[in-house]
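In order, the protein sequence lines correspond to chains A and B. According to numbering that gives the first Met the number 0, the first sequence holds residues 0 to 784 in order. According to numbering that gives the first Met the number 0, the second sequence holds residues 0 to 264 in order. Each residue gets a CB set at the ideal place from its N, CA and C atoms; glycine is no exception.
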Amino acid sequence: MTDFGIGASVKRKEDRRFLLGKGRYTDDIQPNGLTHAVFVRSPHAHAAIKQIDSSAALAAPGVIAVLTGDDLSADGIGPLICGVTVTSDDGEPHKAPAHPALAQGKVNYVGDHVAIVVAETYAQARDGAELVMVDYEVLPAVTDTATAANPGQQQIHEVAPDNVCFNWPFGDKEGVEAAFASAHKVSSLDLVNNRMVTNAMEPRAALGEYNAGTEEITLHVTTQNPHVHRLVMSAFNQLAPEHKLRVVGPDVGGGFGVKIFVYAEELVVGWACRKLNRPIKWTAERTEAFLADAHGRDHVSKAEMAMDENGRFLAMRVHTRANLGAYLSTFGTMVPSYLYAFLLAGQYATPLIYSEVKAVFTNTAPVDACRGAGRPEATFLVERLVDVCAADMGMDPAEIRRINFIPVDAFPYQTPVVQCYDSGDYNAALNKALELAGYADFPARAEAAAVRGKCRGIGISSYVEACGMAPSAAVGQLGGGVGLWESAQVRFNPTGNVQVFTGTHSHGQGHETTFAQLVCDQLGVPIDNIEVIHGDTAKTQFGMGTYGSRSLAVGGVAIAKACDKLIAKGKKIAAHALEAAEGDIEFADGSFSVAGTDKAMGIGEVAFNAYVPHSYPERLEPGFDENAFFDPTNFSFPAGTHICEVEVDPETGEVDIIKYSAVDDFGRLINPMIVAGQVHGGIAHGVGQALLEACRYDSDGQLITASYMDYTMPRADNLPSFDLDYAPTHPPDNPLGVKGCGEAGAIGAPPAVINAIANALDVKHIEMPATPETVWRAAQTAARA
Amino acid sequence: MYEFNYRHANSVPDAIAAMQAADDGKFLAGGQTMLPTMKHRLAGPSDLIDLKGIAELKGINVTDQSVTIGAMTTHAEVAASTQVQNAIPALARLAGNIGDPAVRNCGTLGGSIANNDPAADYPSAVLALGATVKTSQREIPADEFFTGMFETALAEDEIIVSVSFPVAESAAYMKFENPASRYAIVGVFVAKTAGTVRVAVTGATTCAHRALRIEEALAGELDAEKVDAVTIPVEKMNSDIHASADYRAHLVIVMAKRAIAAASS
Chain A
0 MTDFGIGASV KRKEDRRFLL GKGRYTDDIQ PNGLTHAVFV RSPHAHAAIK QIDSSAALAA
60 PGVIAVLTGD DLSADGIGPL ICGVTVTSDD GEPHKAPAHP ALAQGKVNYV GDHVAIVVAE
120 TYAQARDGAE LVMVDYEVLP AVTDTATAAN PGQQQIHEVA PDNVCFNWPF GDKEGVEAAF
180 ASAHKVSSLD LVNNRMVTNA MEPRAALGEY NAGTEEITLH VTTQNPHVHR LVMSAFNQLA
240 PEHKLRVVGP DVGGGFGVKI FVYAEELVVG WACRKLNRPI KWTAERTEAF LADAHGRDHV
300 SKAEMAMDEN GRFLAMRVHT RANLGAYLST FGTMVPSYLY AFLLAGQYAT PLIYSEVKAV
360 FTNTAPVDAC RGAGRPEATF LVERLVDVCA ADMGMDPAEI RRINFIPVDA FPYQTPVVQC
420 YDSGDYNAAL NKALELAGYA DFPARAEAAA VRGKCRGIGI SSYVEACGMA PSAAVGQLGG
480 GVGLWESAQV RFNPTGNVQV FTGTHSHGQG HETTFAQLVC DQLGVPIDNI EVIHGDTAKT
540 QFGMGTYGSR SLAVGGVAIA KACDKLIAKG KKIAAHALEA AEGDIEFADG SFSVAGTDKA
600 MGIGEVAFNA YVPHSYPERL EPGFDENAFF DPTNFSFPAG THICEVEVDP ETGEVDIIKY
660 SAVDDFGRLI NPMIVAGQVH GGIAHGVGQA LLEACRYDSD GQLITASYMD YTMPRADNLP
720 SFDLDYAPTH PPDNPLGVKG CGEAGAIGAP PAVINAIANA LDVKHIEMPA TPETVWRAAQ
780 TAARA
Chain B
0 MYEFNYRHAN SVPDAIAAMQ AADDGKFLAG GQTMLPTMKH RLAGPSDLID LKGIAELKGI
60 NVTDQSVTIG AMTTHAEVAA STQVQNAIPA LARLAGNIGD PAVRNCGTLG GSIANNDPAA
120 DYPSAVLALG ATVKTSQREI PADEFFTGMF ETALAEDEII VSVSFPVAES AAYMKFENPA
180 SRYAIVGVFV AKTAGTVRVA VTGATTCAHR ALRIEEALAG ELDAEKVDAV TIPVEKMNSD
240 IHASADYRAH LVIVMAKRAI AAASS
């Protein structure tokens, strides 16, 4: 390991510009002649639009235009799309109601887009938006996940009877039923996975500019995947052909999934800037982020496990209702189906699994991926159910996990739910975590806490997740509309420094450092001479972007493959220059040498020769610049055990996390500091879901948690210092030996926290978020029992 | 934010004159409630009359008997004042835990009690310590100042000059925070002053108030056990997504006992 290569905790290269205040976010960009947009949004959860009167707004100072859904459709701009098909139990594809970017006669959630007002200043646009008179006929709203599909409910979309998008059974139903019928014991649990608002620090924004000379639209937008934005907007929304549309995701202040999707505002701004021939900027206010960013989670489930007399899992059965919101967001259908049910095996060798997911429409914001996307929901269900099983069997939660783990010699392990896990040693991670957490000494700490009137609890969560999206063929078989490979271009400049173009996008993950370390390690170029470039369709080759913890596991491999090609070409150039046979050239530490001699030349010199090919191999193309694509053969399966220890104040219900220990298997770590940061952030996200974050609509469909006065984000004083360690295994499918790490904390943490609280109070279950009142009530009930 | 006229006042009479001349004027103290309300377009005053430049509204004066704090003194200044820390430590601690550092460096005592948010911290201290509110017109005893939700005894053109807190024998404030806003879901201020114990509650109901049932039960003694027998009227409690009425009623007892215990230790 060098100081800057693989395995070194290199300080982040990108932080210089952020610490100097030189980051460049969409809202920082101020082109000449800029105008400002404000969207008129529905104040009602469900209403027919009788009329839109823009006359007063158009007469207001500075207002340039008020555009509605009619204008959009007149220009042939298509509706927003959902990219993944799920086949329902009737053999038909999921129900896909039209999702117009600006309402067409009807609004379906509070915050739904009705019109765009463009004005010379932001304040004028805001004033103008207030003057747009919309005549609504208010309809009853449906908001509740569990009852949205009940008979007699208000219908939201004509194409979706009973508000059902799909009903998706999956697995061996008869086999599972037979196993349940003959089981020694059946444990069951009803549970809710609470709806979350993702809350990236930078709210969404879009800046559209049109060049009438080149007829090109440039759209700066808060995106995790600029090329996907461009593809969708060109191919499906007919905004402009791909070669006349440039999408730039400049510095982006956090994504967490919520900036994957192609949203109405972005498309409308792109269209309107051409229509008005003026640059237009829209930046969401925080309230708009709450109302109209895609939300996450929102499942209501029943989970059951059949066991034999030793507590071995025989079969699992799951029924879930998943709320998709008012419309299908870009990947809305995939989250509660493939990303959820395919993870229901968890770390266990449960032979039979059957699940049924009924996905419903409601008059709420669209629901889509939020850090973990489907895997946190699956993990919370499995890891809570396992604790209930342990209690029902009178077993230690660690022991019931241990006897049901997929054994280390069974990898690669084909689960009964599609996924084939690449590698893992679940016992190793559990043992290390138990050690780190001081599990054996817990009873003494609980006793000491009881003396102080506090209830201590300890909770285990042994998670596995599927990330590194994804083998394209597998995605295609499942109904995905895209391939999920990744691209890279590694370009030497004539003077020997390197530009790395990646199809992924960094919005906080530190790619500019991690990827530079890969290249530094492989090509022996000093890290300061390597620049990673991403996020601009005019600069980088087509790529799929960043989500599903894929950037290193897929994008990193593409970079390594491009480096391999450079080394192969470099050998030819060096062989010519050193007057040796190509087969005698060896490459190490940035130097090409003739085996067994002291003849050598540096890779920088080779690059120069490639650009100034005065003495150069015949028929070899000049230039030192290679690209590569990598389509993985399997998902990546990070796993680990997280253990949370809490102290509950039974008088108030307050929960204090005393200690949090996490042992993860991320394969080989490229930059341990960045990995630890990802784990810290993920755990904070998971603790937020477990203790603090609740997105709540009232029965009229008003969002009652639409600000930080009511929606509780995790803060530093909600969290302890985390104790991290690793139990790596080698994933044979990944050429770099790496696994994704960005979502693991958000996946592993919620059940660890809730298991700890349930343990502290000796109750079967407690719903998330475990607010003080929720916990206090559980403590009251437990005390009475 | 809607357009408004900004008026900078140099003296109290200057500010009152500006208010009387305005169509729909508002005094601007620290702006920690006013400005967000205006940004959300929930308020649109014709004039904002900024009190920041008025010297006589600032400063802290401590004697053996009282702590007098100018209305425009920020929470951070109160929290950092060694004089306040020595005279009424509970008051300094209360100020040091309002909102976050940005709020504490802008928000003021006068602004807080004039706004009288049902979940604000300061009103409980004003009530429990039996403070006197000095205004541009008169002196108002604490018990007459807070009249209802966001309502006070102040006239439209009346400005708080200072608040005078009697130095207590002992006092403590216990706040159960809203996890999101960190306002008080229930805050209880207990003070023993000149042989009487006063208990004031904020956050629990529509307006900060003295908890007379608890005061009666204590009968001048800082004895937490005496609170156990007190029944808090659940029907008067606020109820929202963070805390239901019966939970709040329970928390009043818990926070009162903890405040009493802290004040007596």
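Chain-ordered neighbours of residue i on chain B, where CB pairs are closer than 7 Å
i        : result
A:MET708 : ALA179, SER180
Nonlocal neighbours in the same chain, by C-beta distance under 6 Å from residue i, ignoring five residues either side
i        : result
A:ARG40  : GLY110
A:PRO612 : PRO621
B:LEU217 : VAL196, LYS225
Contacts around residue i, its chain only, beta-carbon distance under 8 Å, and the 5 residues preceding and following it disregarded
i        : result
A:VAL474 : MET468, VAL481, GLY482, LEU483
Candidates the options: closest to residue i by CA position
i        : options                                : result
A:GLU398 : A:ASN309, A:GLY373, A:PRO375           : A:ASN309
B:SER123 : B:ASP142, B:LYS38, B:ALA228            : B:ASP142
A:HIS43  : A:TYR438, A:ILE80, A:ASN362, A:ILE216  : A:ASN362
A:ILE5   : A:ASP732, A:ILE669, A:ILE673, A:ARG783 : A:ILE669
A:GLU530 : A:ARG11, A:THR1, A:PHE629              : A:ARG11
B:GLY24  : B:ALA42, B:THR32, B:SER10              : B:ALA42
B:GLY69  : B:GLU155, B:THR204, B:ALA28            : B:ALA28
B:GLU2   : A:THR84, A:ARG125, A:SER53             : A:ARG125
A:VAL267 : A:LEU435, A:ILE115, A:ASP250           : A:ILE115
A:ALA561 : A:THR503, A:HIS533, A:GLU617, A:VAL489 : A:VAL489
A:ALA726 : A:ALA432, A:PRO415, A:ALA128           : A:ALA432
A:VAL654 : A:ILE682, A:ALA372, A:VAL220, A:VAL686 : A:VAL686
A:GLU215 : A:VAL227, A:ASP189, A:LEU244           : A:LEU244
A:ALA55  : A:VAL65, A:ALA239, A:GLN498, A:GLU650  : A:VAL65
Chain-ordered neighbours of residue i on chain B, where CB pairs are closer than 9 Å
i        : result
A:LEU760 : The contacting residues do not exist; A:LEU760 stays about 16 Å from chain B at best.
A:TRP281 : Near A:TRP281 there are no residues of chain B at all, since even the closest Cβ is about 18 Å away, more than 9 Å.
A:ILE399 : The contacting residues do not exist; A:ILE399 stays about 33 Å from chain B at best.
Buried versus exposed, by CB contacts within 10 Å (16 or more), residue i
i        : result
B:GLY186 : buried
A:ALA159 : buried
A:TYR108 : buried
A:GLY595 : exposed
A:ILE402 : exposed
A:TYR438 : buried
A:ARG549 : buried
B:TYR5   : exposed
A:LEU18  : exposed
A:GLY681 : buried
B:MET148 : exposed
Close-in-space but distant-in-sequence residues of the same chain around residue i (CB under 7 Å, 5 per side omitted)
i        : result
A:LEU577 : VAL593, LYS598, MET600
A:LYS184 : MET306, ASP391, MET392
Check whether residue i and residue j have beta carbons under 9 Å apart
i        : j        : result
A:THR142 : A:CYS369 : no
A:PRO365 : A:ASN31  : no
A:ARG194 : A:ARG273 : no
A:TYR347 : A:ARG383 : no
A:ASP421 : A:PRO411 : yes
A:THR711 : B:PRO178 : yes
A:ALA552 : A:SER635 : yes
A:ALA321 : A:PRO335 : yes
A:VAL113 : A:VAL133 : yes
B:ILE259 : B:VAL226 : yes
A:LEU565 : A:LEU619 : no
A:GLY666 : A:ASN733 : yes
A:PRO750 : A:GLY456 : no
Where residue i meets chain A, residues with beta-carbon distance less than 7 Å
i        : result
B:SER243 : GLU772
B:PHE175 : THR651
B:TYR246 : GLU772, TRP775
B:LEU41  : Neighbours of B:LEU41 on chain A: none; closest Cβ ~12 Å, over 7 Å.
Where residue i meets chain A, residues with beta-carbon distance less than 8 Å
i        : result
B:ILE240 : ALA693, ARG695, ILE703, THR704, ASP709
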